[in-house]
Amino acid sequence: MGWCRECNTLFPDLVAPVVSQPVAMTDSSRDRVICSGCGQSFSEFFILTPANRHRYLVGEDEFRARGFGHLLAPRADS
Numbered sequence: 000m001g002w003c004r005e006c007n008t009l010f011p012d013l014v015a016p017v018v019s020q021p022v023a024m025t026d027s028s029r030d031r032v033i034c035s036g037c038g039q040s041f042s043e044f045f046i047l048t049p050a051n052r053h054r055y056l057v058g059e060d061e062f063r064a065r066g067f068g069h070l071l072a073p074r075a076d077s
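With numbering that gives the first Met the number 0 as the guide, the letters of the sequence shown map in order to residues 0 to 77.
See below:
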């Protein structure tokens, strides 16, 4: 799955990225991103803080290596 930080949209399946859902993260006591694979809520509310980023984010190179490079904007050096 992927989360677009620009439009705050969660794409539960990057193979079919047209399916999306808004992410309304307003209440840290109950709002959690839910894994599209297993249906479990992420344990942290603030998943993109420096303390938690390493658990959830992959780098651009890994994203491309997994076959999803076509979903990214072209590189400036291309």
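For glycine and all other residues, C-beta sits at the position ideal for the given N, C-alpha and C.
Handout entry: Limits of the beta strand (DSSP E) - the one that Phe-10 falls within
Key = It spans 8–10 - the beta strand (DSSP E) in which Phe-10 sits, taken as one unbroken run.
Practice task
Spell out the partners DSSP gives Gly-1 in its beta bridges.
Solution key: Phe-10.
Exercise for the section: Return the chain-ordered list of same chain residues with a C-beta closer than 8 Å to the C-beta of Gly-1, the five sequence neighbours on each side being excluded. Expected result: Leu-9, Phe-10, Leu-13, Pro-16, Phe-67 and Leu-70
Practice task
Indicate whether Val-32 and Phe-45 have their beta-carbon atoms separated by less than 8 Å.
Solution key: no
Handout entry: Rounded Cβ spacing between Asn-51 and Glu-59 (contact assumed at less than 8 Å)
Key = Asn-51 to Glu-59, Cβ: 19 Å. No contact.
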